[in-house]
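**Student:** Residue numbers (numbering that gives the first Met the number 0), protein chains in the order written: chain A, 0 to 291; chain B, 0 to 291. Glycine included, every Cβ here is placed at the ideal spot set by N, Cα and C. This is the structure, below, for whatever I ask next.
Protein chains: 2
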Amino acid sequence: MTARVGDHAPLGVFDSGLGGLTVVRALRNAFPNESLIYLGDTARVPYGTRSPETIVRYARACARVLVERGVKALVVACNTVSAIALDLLRAELDLPVLGVVEPGALSAVRALERWVARAGRVPDDSRPLRIGVLGTASTIASGAYPRAVARLSTRYEVVGQAAPLLVPLVEEGWTDGEVPRLVVRRYVEPRIDPGPRGPVPGCTHYPLLESVITEVAADLAGTPVPVVDSAVATAEAVGEALREARIPGAPLTTDARLEIFVTDRPQSFTGVAQRFLGADLGSVEQIDLVSS
Amino acid sequence: MTARVGDHAPLGVFDSGLGGLTVVRALRNAFPNESLIYLGDTARVPYGTRSPETIVRYARACARVLVERGVKALVVACNTVSAIALDLLRAELDLPVLGVVEPGALSAVRALERWVARAGRVPDDSRPLRIGVLGTASTIASGAYPRAVARLSTRYEVVGQAAPLLVPLVEEGWTDGEVPRLVVRRYVEPRIDPGPRGPVPGCTHYPLLESVITEVAADLAGTPVPVVDSAVATAEAVGEALREARIPGAPLTTDARLEIFVTDRPQSFTGVAQRFLGADLGSVEQIDLVSS
């Protein structure tokens, strides 16, 4: 498959559901002139509990929809697909393909390095610096974050913590107060020691819990702990990838558009979707992936 | 479609996922000699966020699998399918088809009547007695419980409360302690007044939170509040339906079997599934619904 690549071609983003709209939000902040097409496979969400074969099949179907609409780069805003099918999509598609795991891992490593530099510490080489990752059960089980961090350096160790309640908490809109604090504490506490740890929110839904995670982690560590937003990290990686591939950005005069497609129930997710996007949705169109 | 109906034919139960195993547990307690076939559509869980057309399609596919295996009655252990597709399945299938909504509603009404009788109160006819229902967002939005209760009597009013965090809490195994108490309290508090109310756990997952719900509801109401377990209520309704249809029970000598089928990842749900079933699972087999 090849894409129509041009100045005015949009960026394509897909996710199993609507959580990937947090990546769209970060992309719009970073590249206000770029048009975006988002596809949420709401008919088959969540992907995290599916088998690898099924996830590959779904990922190909989502990618095809966006490539056929002429996107100039593809952002896989789904941790599960990023962990399992990214290499395959990169091999099959003739355009930059970015996941959320590698940018999140890179951003965590950089944040930890800045922390160490600021704290004026010389890390003890005999003991790796630890990065905490909160993710869905399947993201943690996939080992994607340890692999991504290990590719960057052997000085870091990833401590993963499955945190399946965080997604429904965010979807319920309970992002501050006692309940999210207790839940986050229960997930973070067993994984944190005094000192610098970077709990990378390893799921597109978690940026909305960032302030609670930051507060709880600092409280448990007894010192501020860098918390990385993988959506912002992904937007930065998209900029780098476009520059590397010499794909021009949209001109300043472009009227940037956001088109949102879902595979089921376009009307029923509006509240949750606007929370993720941080803005009005505009129109949401339903398309059929199953028979495509 | 017709089923092979016989003494030794098993009961068939299906759900979108594994929560329906709480109904299997109640059926095994009530009918220890009956063999059971359970189908969990783990490839497409959850159904609650799908469109009605999609739910009908999925329900037909699940029912077909069980009917082809010769079940003598079909139990729809899924609130979403019970709310949307039960009449259709009953029209299409030549065997008793039971959902979980009607038994839950009937059981709540009976529990409330017993409560009023025990309390020695004469209900004020000008004011309906209120039944609280906790369910997923889609179960509450469907209005299935108010409709089911209205069919029984006009003396009762249903107050529904979407409680989407309860399913992930149960799946996480957090069924006692501070977090579930706070979450349940947040859902129950706005819906309860002093006096008798029966929060019917309107989802197959909630029986595991029954003790927390009972405790919180009694605390808020200032008096014990009847809490209905829809799985147990459904098992009672299955017994009545078999008697009405004059379908004989399994002989005492039968070696009752439990066969479990899922549509994706048979190995990965074992922990959660055993929690729902309250027993070892035995073998779990994967079948393909999508292409059947």
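Cβ closer than 7 Å: which chain B residues qualify as neighbours of residue 79 of chain A?
**Tutor:** Indexing the first sequence from 1 puts residue 79 of chain A at position 80. Simply none; closest approach about 13 Å.
**Student:** Using 8 Å as the limit for Cβ to Cβ distance, is residue 263 of chain B near chain A?
**Tutor:** Here residue 263 of chain B is taken as the residue at index 264 of the second sequence, counted from 1. Judged by the 8 Å Cβ criterion, residue 263 of chain B is in contact with chain A.
**Student:** Alpha carbon to alpha carbon, what distance is there between residue 271 of chain B and residue 282 of chain B?
**Tutor:** The sequence position of residue 282 of chain B within the second sequence is 283, counting from 1. The sequence position of residue 271 of chain B within the second sequence is 272, counting from 1. Residue 282 of chain B and residue 271 of chain B: Cα-Cα distance of roughly 15 Å.
**Student:** Using a beta-carbon distance below 8 Å, is residue 185 of chain B in contact with chain A?
**Tutor:** Counted from its first residue, the second sequence places residue 185 of chain B at position 186. Yes, its Cβ sits closer than 8 Å to a Cβ of chain A.
**Student:** I need the DSSP call for residue 191 of chain A, collapsed to helix, strand or coil.
**Tutor:** For this step, residue 191 of chain A is matched to residue 192 along the first sequence. Coil at residue 191 of chain A, not helix or strand.
**Student:** Nearest to residue 186 of chain A by CA position, among A:15, A:164, A:157, is which residue?
**Tutor:** Residue numbering aside, residue 186 of chain A sits at position 187 when the first sequence is read from its first letter. When each option's Cα is compared against that of residue 186 of chain A, the closest is A:164.
**Student:** With a cut-off of 8 Å, does the C-beta of residue 282 of chain A fall near any C-beta of chain B?
**Tutor:** Residue 282 of chain A sits at position 283 when you count from the first residue of the first sequence. Not one chain B Cβ lies under 8 Å of residue 282 of chain A.
**Student:** Could you check what DSSP says for residue 268 of chain A in three-state terms: helix, strand or coil?
**Tutor:** Stepping through the first sequence from its first residue, residue 268 of chain A is reached at position 269. In this structure, residue 268 of chain A counts as coil in the three-state DSSP scheme.
**Student:** Hey, out of B:152, B:141, B:206, B:20, whose CA is closest to residue 173 of chain B's CA?
**Tutor:** Position 174 of the second sequence, counting from 1, holds the residue named residue 173 of chain B. When only C-alpha atoms are compared, the closest one is B:206.
**Student:** Counting only C-beta atoms, is residue 41 of chain A closer than 8 Å to chain B at any point?
**Tutor:** Residue mapping note: residue 41 of chain A aligns to position 42 of the first sequence, counting from 1. True, the Cβ-Cβ gap to chain B drops below 8 Å.
**Student:** Return no unless some Cβ of chain B is closer than 8 Å to the Cβ of residue 222 of chain A.
**Tutor:** Position 223 of the first sequence, counting from 1, holds the residue named residue 222 of chain A. No, its Cβ sits nowhere closer than 8 Å to a Cβ of chain B.
**Student:** Are the beta-carbon atoms belonging to residue 284 of chain B and residue 102 of chain B less than 8 Å from one another?
**Tutor:** Residue 284 of chain B sits at position 285 when you count from the first residue of the second sequence. Residue 102 of chain B sits at position 103 when you count from the first residue of the second sequence. In this structure, residue 102 of chain B does not lie closer than 8 Å to residue 284 of chain B by Cβ.
**Student:** Starting from residue 14 of chain B and walking both ways along the beta strand (DSSP E), at which residues does that stretch end?
**Tutor:** Counting from 1 along the second sequence, the entry for residue 14 of chain B is found at position 15. Residues 10-14.
**Student:** With distances taken between CB atoms, is the gap from residue 55 of chain A to residue 75 of chain A smaller than 8 Å?
**Tutor:** Translated into positions along the first sequence, residue 55 of chain A becomes position 56. Translated into positions along the first sequence, residue 75 of chain A becomes position 76. In this structure, residue 75 of chain A does not lie closer than 8 Å to residue 55 of chain A by Cβ.
**Student:** To which residues of the same chain is residue 141 of chain A closer than 7 Å at the C-beta, ignoring the five residues directly before and after it?
**Tutor:** Position 142 of the first sequence, counting from 1, holds the residue named residue 141 of chain A. Taken in chain order, the residues that qualify are 82, 83.
**Student:** What residues of chain A sit near residue 298 of chain B, judged by a beta carbon separation below 7 Å?
**Tutor:** This structure cannot speak to residue 298 of chain B, because chain B is shown only from 0 to 291.
**Student:** Which residues share a DSSP beta bridge with residue 148 of chain B?
**Tutor:** Numbered from 1 along the second sequence, position 149 holds the residue referred to as residue 148 of chain B. Beta-bridge pairing links residue 148 of chain B to no other residue.
**Student:** Decide if residue 233 of chain A is buried, meaning its Cβ has at least 16 other Cβ atoms within 10 Å, or exposed.
**Tutor:** Taking the first residue of the first sequence as position 1, residue 233 of chain A is located at position 234. Counting Cβ neighbours within 10 Å, residue 233 of chain A comes out buried, since at least 16 surround it.
**Student:** Determine, using beta-carbon pairs with one atom in the stretch 53-72 of chain A and one in the stretch 88-96 of chain A, whether at least three such pairs fall under 8 Å.
**Tutor:** Touching, yes.
**Student:** Are the stretch 127-136 of chain B and the stretch 131-139 of chain A touching, with three or more C-beta to C-beta distances below 8 Å?
**Tutor:** Cβ pair count under 8 Å is below three, so no.
**Student:** For the alpha helix (DSSP H) holding residue 139 of chain B, just list the boundary residues, first then last.
**Tutor:** To locate residue 139 of chain B, count along the second sequence from 1; it is residue 140. Start and end: 136-141.
**Student:** For residue 53 of chain A, go through chain B and note every residue whose CB falls closer than 7 Å to its CB, in chain order.
**Tutor:** Within the first sequence, the letter at position 54 stands for residue 53 of chain A. The answer, in chain order, is 42, 263.
**Student:** From residue 113 of chain B to residue 156 of chain B, what distance separates their C-alpha atoms?
**Tutor:** Taking the second sequence and counting its residues from 1, the one referred to as residue 113 of chain B is at position 114. Taking the second sequence and counting its residues from 1, the one referred to as residue 156 of chain B is at position 157. So the two alpha carbons sit approximately 17 Å from each other.
**Student:** Are any of the Cβ atoms in chain B nearer than 8 Å to that of residue 291 of chain A?
**Tutor:** Position 292 of the first sequence, counted from the first residue, corresponds to residue 291 of chain A. Confidence in residue 291 of chain A is poor, its pLDDT being 41 and thus under 50, which makes the residue's placement unreliable; the coordinate value appears in the next sentence. No, residue 291 of chain A does not count as interfacial toward chain B.
**Student:** Could you give the distance in angstroms between the alpha-carbon of residue 49 of chain B and the alpha-carbon of residue 212 of chain A?
**Tutor:** Counting from one through the second sequence, the residue named residue 49 of chain B turns up at place 50. Counting from one through the first sequence, the residue named residue 212 of chain A turns up at place 213. Cα-Cα distance, rounded: 31 Å.
**Student:** What does the Cβ neighbour count give for residue 3 of chain A, buried or exposed, with the cut at 16 atoms within 10 Å?
**Tutor:** As a working mapping, residue 3 of chain A is identified with position 4 in the first sequence. Confidence at residue 3 of chain A is low in this model, with a pLDDT of 45, below 50, so the placement of that residue should be treated as unreliable; the coordinate-derived value is given next. It is exposed - the Cβ of residue 3 of chain A has fewer than 16 other Cβ atoms within 10 Å.
**Student:** Can you tell me where the beta strand (DSSP E) with residue 209 of chain B in it begins and where it stops?
**Tutor:** Indexing the second sequence from 1 puts residue 209 of chain B at position 210. Taken as a continuous stretch (DSSP letters only), residue 209 of chain B belongs to no beta strand (DSSP E), being part of the alpha helix (DSSP H) at 209-220.
**Student:** Quick one: which residues of the stretch 200-229 of chain A get their C-beta closer than 9 Å to a C-beta of chain B? List them in chain order.
**Tutor:** The stretch 200-229 of chain A vs chain B, Cβ under 9 Å: nothing.
**Student:** Leaving aside the five residues before and after residue 208 of chain A along the sequence, list all residues of the same chain whose C-beta is less than 8 Å from its C-beta, in chain order.
**Tutor:** Counted from its first residue, the first sequence places residue 208 of chain A at position 209. So the qualifying residues of the chain are 165, 168, 169, 174, 179, 183, 200.
**Student:** Using a Cβ-Cβ cut-off of less than 8 Å, list which residues of the stretch 139-173 of chain B approach chain A; keep chain order.
**Tutor:** Residues 163, 164, 166, 167, 168, 170, 171, 173.
**Student:** Give a yes or no on whether the C-beta atoms belonging to residue 11 of chain A and residue 70 of chain A are separated by under 8 Å.
**Tutor:** Indexing the first sequence from 1 puts residue 11 of chain A at position 12. Indexing the first sequence from 1 puts residue 70 of chain A at position 71. Yes; because the gap between Cβ atoms is below 8 Å, this pair is in contact.
**Student:** Can you tell me which of the three DSSP states residue 291 of chain A falls into?
**Tutor:** Taking the first sequence and counting its residues from 1, one reaches residue 291 of chain A at position 292. At residue 291 of chain A the pLDDT is 41, less than 50, meaning the model places this residue with poor confidence and gives no usable figure here.
**Student:** Please list, in chain order, the chain B residues whose beta carbon lies closer than 9 Å to that of residue 188 of chain A.
**Tutor:** In the first sequence, residue 188 of chain A corresponds to position 189, counting from 1. Within 9 Å Cβ-Cβ: nothing; residue 188 of chain A doesn't reach chain B, min ~13 Å.
**Student:** Quick check on the DSSP output: the beta strand (DSSP E) that includes residue 55 of chain A runs from which residue to which?
**Tutor:** Here the question's residue 55 of chain A lines up with position 56 in the first sequence. First-last for residue 55 of chain A: 51-67, but that is the alpha helix (DSSP H), not the beta strand (DSSP E).
**Student:** Just to confirm, does residue 258 of chain B get its C-beta within under 7 Å of one of the non-hydrogen atoms of the ligand FAD?
**Tutor:** Of ligands this structure carries none, so the ligand FAD is not represented either.
**Student:** Does the structure place the stretch 241-250 of chain A close enough to the stretch 16-33 of chain A that three or more beta carbon pairs sit under 8 Å?
**Tutor:** They touch, by the three-pair rule.
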